[in-house]
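Keeping their order, the protein sequence lines are chains A and B.
What the first sequence shows, in my numbering, is residues 1 to 249, in sequence order.
What the second sequence shows, in my numbering, is residues 250 to 498, in sequence order.
We treat Cβ as the ideally placed atom computed from N, Cα and C, and that holds for glycine.
Just so we're clear, the structure is a prediction, and the values are computed from it rather than from any experiment.
Structure first, then comments.
Protein chains: 2
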Amino acid sequence: MIRTGEWTGHTTGIAQGYVQANLVILPKAWAFDFLLFCQRNPLACPVLEVTNTGQPCPTALAPDADLRTDLPLYRIFRKGALIEEVTDIRQYWRKDFVSFLLGCSTTFEAALLKAGIQLDHIEKGYNPPVYISNQPCDPAGKFKGPLVVSMFPIASEKVAQVVRISSRYPKAHGAPVHIGNPQAIGISDLSQPDFGELRAIGEDQIPVFWACGVTPQVVARQARPALMVTHAPGHMFLSNWRDQDIDEG
Amino acid sequence: MIRTGEWTGHTTGIAQGYVQANLVILPKAWAFDFLLFCQRNPLACPVLEVTNTGQPCPTALAPDADLRTDLPLYRIFRKGALIEEVTDIRQYWRKDFVSFLLGCSTTFEAALLKAGIQLDHIEKGYNPPVYISNQPCDPAGKFKGPLVVSMFPIASEKVAQVVRISSRYPKAHGAPVHIGNPQAIGISDLSQPDFGELRAIGEDQIPVFWACGVTPQVVARQARPALMVTHAPGHMFLSNWRDQDIDEG
Numbered sequence: 001m002i003r004t005g006e007w008t009g010h011t012t013g014i015a016q017g018y019v020q021a022n023l024v025i026l027p028k029a030w031a032f033d034f035l036l037f038c039q040r041n042p043l044a045c046p047v048l049e050v051t052n053t054g055q056p057c058p059t060a061l062a063p064d065a066d067l068r069t070d071l072p073l074y075r076i077f078r079k080g081a082l083i084e085e086v087t088d089i090r091q092y093w094r095k096d097f098v099s100f101l102l103g104c105s106t107t108f109e110a111a112l113l114k115a116g117i118q119l120d121h122i123e124k125g126y127n128p129p130v131y132i133s134n135q136p137c138d139p140a141g142k143f144k145g146p147l148v149v150s151m152f153p154i155a156s157e158k159v160a161q162v163v164r165i166s167s168r169y170p171k172a173h174g175a176p177v178h179i180g181n182p183q184a185i186g187i188s189d190l191s192q193p194d195f196g197e198l199r200a201i202g203e204d205q206i207p208v209f210w211a212c213g214v215t216p217q218v219v220a221r222q223a224r225p226a227l228m229v230t231h232a233p234g235h236m237f238l239s240n241w242r243d244q245d246i247d248e249g
Numbered sequence: 250m251i252r253t254g255e256w257t258g259h260t261t262g263i264a265q266g267y268v269q270a271n272l273v274i275l276p277k278a279w280a281f282d283f284l285l286f287c288q289r290n291p292l293a294c295p296v297l298e299v300t301n302t303g304q305p306c307p308t309a310l311a312p313d314a315d316l317r318t319d320l321p322l323y324r325i326f327r328k329g330a331l332i333e334e335v336t337d338i339r340q341y342w343r344k345d346f347v348s349f350l351l352g353c354s355t356t357f358e359a360a361l362l363k364a365g366i367q368l369d370h371i372e373k374g375y376n377p378p379v380y381i382s383n384q385p386c387d388p389a390g391k392f393k394g395p396l397v398v399s400m401f402p403i404a405s406e407k408v409a410q411v412v413r414i415s416s417r418y419p420k421a422h423g424a425p426v427h428i429g430n431p432q433a434i435g436i437s438d439l440s441q442p443d444f445g446e447l448r449a450i451g452e453d454q455i456p457v458f459w460a461c462g463v464t465p466q467v468v469a470r471q472a473r474p475a476l477m478v479t480h481a482p483g484h485m486f487l488s489n490w491r492d493q494d495i496d497e498g
C-alpha cells in the first residue's frame, strides 16, 4: 500500500511486532564518514543494514523491498536545506547512493508495553518529547553534533525493569543514556522539548532518557552534504524482521 | 618497550587483563568497503576503534599510543602480496591511511581461564588450530571470502558455560559460531588445520568453533588493495582497555 501511494501516513502503531527503521541516504563520497559516525555512536545510530552502493534493496531487512518507493514520506535535503517532501524518490535516485537503515525506539517500546509498562505517548497517540542534550557525539569527519534524546516518564518502581528490558535491544537504542536529572545533560526545562511534546509527568514518575534516532539526521543535515534523503519524521521503513530478531539479551 | 624496539616478540600472555587488538590499515579509498564488511560480519570483525584518516593515534583505546611504532611486528602487503615484515611502519605511513582495530579472542580466553576452563593452547603455549570454513562472509565491495574459525576443544560438561561466558564479549568474537560437528562447516579433518596446530582433543572433548580475527586479514589480502599494513600473527596491539571494559553481558 505504501509502494503504490495508497498509504502516505505515519507508521506509529502500524505492523506491530515488526522492526521499523530510520532511513538516511547519502552519496558514496559521504558514506565512509557517516558509517564511521554510526560506529562511534552506536546507541544513537544502531546500524541495522547498509545497502550496497546504488542498490535500493535492503536485502537483509526486506529482500522484496525498494527503498525508492516503500516509505510513506521522504525528505530531500540539498546542502542541509529541506527542499521537498515526496512519497517516491525515483526521480532523485543516484547510482552512487548508499542507504543506511538505523534501529528505532518502536522495538523496545513494544517490549515495554508487553511487560505492562505504561507509555503515555503511545496510549494517547502523540510524539514524545525530544531534547537536544549538551552531550557531544563522538565526531567523524564532517559529522558532529550533540546527542539528541527522547524522554519517557516512567513510574519510579518500574525504572529498573525498564532499563533491563530496553538494554536487550542495543539495535533499537538500547539502555537509557540518563535517568532522573535533566539538568545533568543540559536540559533546563522539561516542558520545553525541541521536538514533540511533554503532555504530563506524574509526581512519582522519573524522566528516563534514551539516545534518539533524530541524532543522525540532525548531524547529517548540519554536515551539509550535496544531496541527502531521509524518511520524514514518523514515516519509517517497515521491515520484515520481527522485534525479537534484534533481541540481543 | 615495543615502541623503542626492545620487545619484538609475540603478545600472547603479555599484559594479561588488557584488551589486545588486531590491526588492519588501509588507504581511505578502501576504507568504506572494509568498514562495511566489518559491520556486516561483526562476529569475525568486531570493531573496537577506527582512527580518523591519517591519524596514527587510537584515541579511544590508548590516547598515548602511536600505531606506527607500538606493535611489535607488522606485515606490509602490496596488492595482496606480503613484501616485508617490519617493527616500525613510519616509512610506509600515508596521510590517507585509516586504521582498524578489531577485537581479539584473548579477551574471552582470559574470562574462560578465570572460570576454570582449561585451554590447552594457552597452558602449553602454542597457536590453536584455525580452519577456513565453508561459510561465506557477507561480502562488501571487493571484500569477500569464507569465515575463518578457531577451535578450542572443550570438556563436554563445560560447553554450555563456555557459550555463556564468551557470549558476554561480542567485541571479542562473542559466542561460538558452531559446536560439535566440523563437517557441518566444511572441515573434513580436524587434524589438518589451515593455520596453527591441533595437539590434542580428548574423548570427552567437543570441538567448539569461534569466528577468528584471521578472517578480515585473509579477506583484505584477497581484495588486493594497493597497500595494506597489518599486525604480524600473534603480534597484537596492546590497548589501555581492561577486558571488563568490553564485557557486554
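{"Asked": "List the residues of chain B that V86 of chain A touches, going by C-beta distances under 9 Å, in chain order.", "Found": "Going along chain B, no residue has its Cβ under 9 Å from V86 of chain A, so there is no contact; the nearest lies around 27 Å."}
{"Asked": "Can you give me the start and stop residues for the beta strand (DSSP E) that E123 of chain A sits inside?", "Found": "Careful: E123 of chain A lies outside any beta strand (DSSP E), inside the alpha helix (DSSP H) at 120-124."}
{"Asked": "Measure from the alpha carbon of G54 of chain A to the alpha carbon of each residue in A:A44, A:F32, A:W93, then state which is nearest.", "Found": "A:W93"}
{"Asked": "From the DSSP output, in three-state form, read off P276 of chain B for me.", "Found": "strand"}
{"Asked": "Within 8 Å, do at least three Cβ pairs link the segment 122-133 of chain A to the segment 284-299 of chain B?", "Found": "no"}
{"Asked": "Could you check what DSSP says for R224 of chain A in three-state terms: helix, strand or coil?", "Found": "coil"}
{"Asked": "Using the three-state DSSP reduction, which class does P419 of chain B fall into: helix, strand or coil?", "Found": "helix"}
{"Asked": "Taking the straight line between their C-alpha atoms, what separation do you get for Q265 of chain B and L67 of chain A?", "Found": "47 Å"}
{"Asked": "Would Q454 of chain B and I371 of chain B be called neighbours here (beta carbons separated by less than 8 Å)?", "Found": "no"}
{"Asked": "I'd like to know if the segment 310-328 of chain B and the segment 472-482 of chain B are in contact, where contact means that at least 3 CB-CB pairs between them fall below 8 Å.", "Found": "yes"}
{"Asked": "Using alpha carbons as the reference points, say which of B:P307, B:Q269, B:A330 lies closest to A359 of chain B.", "Found": "B:Q269"}
{"Asked": "Go through the segment 303-348 of chain B residue by residue and report every complete run of the beta strand (DSSP E) that reaches 3 residues or more, in order.", "Found": "323-327, 330-335"}
{"Asked": "If you scan the segment 139-225 of chain A from start to end, which runs of the alpha helix (DSSP H) of 4 or more residues do you find wholly inside it?", "Found": "159-167, 214-222"}
{"Asked": "By DSSP's criteria, A359 of chain B is part of a beta bridge. Which residues make up the other side?", "Found": "DSSP, once it has assigned bridges, lists no residue as partnering A359 of chain B."}
{"Asked": "How about L284 of chain B: is its C-beta nearer than 8 Å to some C-beta of chain A?", "Found": "yes"}
{"Asked": "What are the residues in the segment 348-359 of chain B lying within 9 Å of chain A by C-beta distance?", "Found": "none"}
{"Asked": "Determine the chain B residues that contact A31 of chain A at a beta-carbon separation under 7 Å, and present them in chain order.", "Found": "F281"}
{"Asked": "So, is the C-beta of V412 of chain B closer than 8 Å to a C-beta in chain A?", "Found": "no"}
{"Asked": "Mark D96 of chain A as exposed unless 16 or more other C-beta atoms lie within 10 angstroms of its C-beta, in which case mark it buried.", "Found": "exposed"}
{"Asked": "Among A:F209, A:S239, A:N240, A:R224, which one has its Cα closest to the Cα of V148 of chain A?", "Found": "A:F209"}
{"Asked": "Where do the ends of the beta strand (DSSP E) carrying R491 of chain B lie?", "Found": "486-491"}
{"Asked": "Please identify the residue among A:F100, A:G234, A:I201, A:F34 whose C-alpha is closest to the C-alpha of Q118 of chain A.", "Found": "A:I201"}
{"Asked": "Starting from Q135 of chain A, trace the beta strand (DSSP E) both ways and give me its first and last residue.", "Found": "130-136"}
{"Asked": "Taking only beta carbons into account, state which residues of the segment 291-307 of chain B come closer than 9 Å to chain A, listed in chain order.", "Found": "V296, E298, V299, N301, T302"}
{"Asked": "What three-state label does DSSP hand Q20 of chain A in the structure shown?", "Found": "strand"}
{"Asked": "Please report whether the beta-carbon of Q39 of chain A lies at a distance below 8 Å from any beta-carbon of chain B.", "Found": "yes"}
{"Asked": "Could you spell out the range, first to last residue, of the beta strand (DSSP E) harbouring L43 of chain A?", "Found": "Counting along the chain, L43 of chain A falls outside any beta strand (DSSP E), and DSSP gives it neither H nor E."}
{"Asked": "Pop quiz: F108 of chain A and Y18 of chain A are said to be a contact at Cβ under 8 Å. What is the actual Cβ separation, rounded to whole angstroms?", "Found": "Going by Cβ atoms, the distance from F108 of chain A to Y18 of chain A rounds to 14 Å, so no, they are not a contact pair."}
{"Asked": "Using 8 Å as the threshold, is the C-beta distance between I436 of chain B and S382 of chain B below it?", "Found": "yes"}
{"Asked": "Is it true that the CB of F100 of chain A sits closer than 8 Å to the CB of V159 of chain A?", "Found": "no"}
{"Asked": "Give the single residue among A:P56, A:L35, A:T87, A:L26 whose Cα lies nearest to the Cα of G9 of chain A.", "Found": "A:T87"}
{"Asked": "Could you tell me which residues DSSP puts in a beta bridge with L103 of chain A?", "Found": "The sequence as given places Gly at residue 103 of chain A; Leu does not occur at that position. Per DSSP, A:A21."}
{"Asked": "Could you tell me which residues DSSP pairs with E497 of chain B in its beta bridges?", "Found": "E497 of chain B pairs with nothing; no bridge assigned."}
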